[in-house]
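Count along the sequence shown starting at 1, add 745, and that's the number in my numbering.
Each residue gets a CB set at the ideal place from its N, CA and C atoms; glycine is no exception.
From a predicted model like this one, the values you see are computed outputs, not experimental measurements.
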Amino acid sequence: MTRGMDRRSVMRGMATAGVGVAAGAVAMGSGTAYAAGSGDDPYSVDVISKGADPTGATPSDAAFRAAAAEVLASFQPGPISGAIPKKVLVVPPGTYLLTQPDSLLPNVNGEGNGGIVDGVSITGYGKRLSRIVYSPAANDTTLWTNYQRYKNIRISGLTFTSTNATSSFNYAYSSADYGVQDTWYTDVEWRGSWKRGIGLDGPATTSNLNSEMGWDHCQVGGSYSDAFLVMGMTSSATQQDQFLNYWFRDCKVEYQSGVFVRNNRGGSMNFIGGSYILTDAASTGTFFELTADATTRADSVSRLYAQGIRFELRGVGHKVIDSRWYKGNITFESCDDTALSFKSWAPDAVTHVYDFNANGARGPMVRYVDCGLMGSHRVGTGSTATTNGKVLYDGCRFIDMSAATGATGFLRWTGSVAPRYEMRDCLIGANYLTDVKNPA
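What follows is the structure, encoded as structure tokens:
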């Protein structure tokens, strides 16, 4: 071990992994040990050193703002996009009370105010170890706003709890010259009552918008009167189709009520692994809501892919998906929503909904592969034949129904004309289902 570097310093360098291995390597190679909270570490600043109260008894807004200011002032040359902060903002174990909006990072419009900050890392010691409670007195406020300012953001090891149901966690606005793409959340948890988790927005001109966002081993709890993630806050703006490339990996999406992802614009979304549960049986809730707000959509972004997810619907008002897309691709592979299919209300549950009549007699290509499915599925149709779109079930099991289609069957439709559909190599209950296809 390098002279002057004690074990605590090594472990502390590892804990501030928001900057990755590189930060730890620099700290270890510096030959200098810095005590936690001392404020003299050239590669990190923790909020306690700025006066934050880890007991949560008093507000820590001023301390968080001072820590963020020091991080943002620690510029060093960047090989790709100019100056980047060299310090990480560290939140040691404890509970920290924030009562004012934009206390996590300053709300500064990057256009005309210093431009983009490329590379911001905020790290705690793990969810429920480092906890931030957002408790504003004012309604309709946001914990942090990214207005054409921050990109390449890494937030990790934190729990965020809201005590005001009108509050939002983040609002992100980007433009062509001030894109704020590439945000990654790792081991982050949301709890409490929120209006919205994250809202993506931008101007009504061609833009390089909020894109390349990821959630890795995160937990989405609490409740949302709007949605946890809203893609396209101004859905009438066609350029917001440039919201694209989103990844949720091995997450626990276990919240009380509301919508998990509301897609008004853009997409190309991937949801891989994890447990998705709507916990309040008496509420209504939908994991994926794909709206018809946009009458025009780009081809490359109308895509949703879910793989290896265990969905648990605990009430008749719960849905996995409610889609009004008129084109695109929606795929569920090796997913299961049958956990409560034994309940008396399960046959009455309409768990997956598609509207092929919201924008012409057309819909997306919907495919289920090796899935276990409870309740029934419904497709909205009209009086004319579907011109685009189809629902395909391949190697699936329909657990609650005794018929494949019809008024009491697994797949139902609202209009006088059936949608295009196909069922092959499927089971209905415990019996093999004869393959069926429309048109034959």
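Asked	Found
Considering only the alpha carbon of each residue, which of W935, S880 and T904 lies closest to G869?	T904
Is the segment 1103 to 1117 close to the segment 1140 to 1150, with three or more CB pairs under 8 Å?	yes
DSSP three-state call for F809: helix, strand or coil?	helix
Quick check on DSSP: helix, strand or coil for A814?	helix
Where does S1161 land, buried or exposed, given buried means 16+ other C-beta within 10 angstroms?	exposed
Could you check the C-alpha separation between A778 and F914 for me, to the nearest Å?	Summary for A778: the model assigns pLDDT 46, below 50, so the residue's position carries little reliability; its value from the coordinates is reported in the next sentence. Those two C-alpha atoms are separated by around 35 Å.
Would you kindly report the start and end of the unbroken beta strand (DSSP E) that includes K997?	L989 to Y1000
Report the residue from A1163, T1083 and M1119 whose alpha carbon sits nearest the alpha carbon of N1102.	A1163
Hey, out of G1018, D946 and H962, whose CA is closest to Q987's CA?	D946
In the structure shown, what three-state DSSP assignment does P846 receive?	coil
So the beta strand (DSSP E) H1097 belongs to, where does it begin and stop?	V1095 to D1100
Could you check which residue in S1086, D1093 and G1127 has the C-alpha nearest to that of N1104?	G1127
Quick one: using the 10 Å Cβ neighbour count with 16 as the cut-off for buried, is D1170 buried or exposed?	exposed
With a CB to CB cut of under 8 Å and the five nearest residues on each side skipped, what residues in its chain are close to L1178?	F1143, A1149, M1168, C1171 and L1172
Can you give the Cα-Cα distance for S901 and S848, rounded to whole angstroms?	17 Å
What is the DSSP secondary structure of T761, counted as helix, strand or coil?	Because T761 carries a pLDDT of 41, less than 50, the predicted location of this residue cannot be relied on, and the following value inherits that uncertainty. If DSSP states are grouped into helix, strand and coil, T761 belongs with coil.
Using the three-state DSSP reduction, which class does V1046 fall into: helix, strand or coil?	helix
What is the rounded straight-line gap between the Cα of E1034 and the Cα of L974?	10 Å
Cβ atoms of D922 and K896: under 7 Å apart, would you say?	no
Enumerate in chain order the residues of its own chain whose CB-to-CB distance from D961 is below 6 Å, with the five nearest sequence positions on each side excluded.	T931 and R994
In the DSSP assignment, the beta strand (DSSP E) including P1109 goes from what residue to what residue?	R1107 to V1114
Compare the C-alpha of S1068 against each of Y991, G1019 and R1048 and name the closest.	R1048
Reducing DSSP to helix, strand and coil, say where S1121 ends up.	strand
Would you mind reading off the limits of the beta strand (DSSP E) that contains H1063?	H1063 to S1068
Quick check on the DSSP output: the beta strand (DSSP E) that includes N852 runs from which residue to which?	No beta strand (DSSP E) contains N852, which DSSP labels as neither H nor E.
Measure the alpha-carbon distance for M773 versus S866 and round it to whole angstroms.	Only weak support is given to the placement of M773: the predicted model assigns it a pLDDT of 33, under 50, and the value that follows is read from those uncertain coordinates. Cα to Cα, the separation comes out at about 19 Å.
With a Cβ-Cβ cutoff of 7 Å, do Y991 and M1014 count as a contact?	yes
Can you give me the C-alpha to C-alpha distance between G1120 and C1080, rounded to a whole angstrom?	15 Å
Is it the case that the Cβ atoms of V1046 and G1011 are separated by a distance below 7 Å?	yes
Roughly how many angstroms lie between the CA atoms of S1043 and F1056, to the nearest whole one?	The sequence as given places Ala at residue 1043; Ser does not occur at that position. Rounded to whole angstroms, A1043 to F1056 spans 29 Å at the Cα level.
Which one of A1039, S968 and A949 has the shortest CA to CA distance from F1196?	Because the chain spans 746 through 1185 in this model, residue 1196 falls outside it and cannot be assessed.
Quick one: which unbroken alpha helix (DSSP H) runs of 4-plus residues sit fully inside the segment 857 to 939? Chain order, please.	none
What three-state label does DSSP hand P830 in the structure shown?	strand
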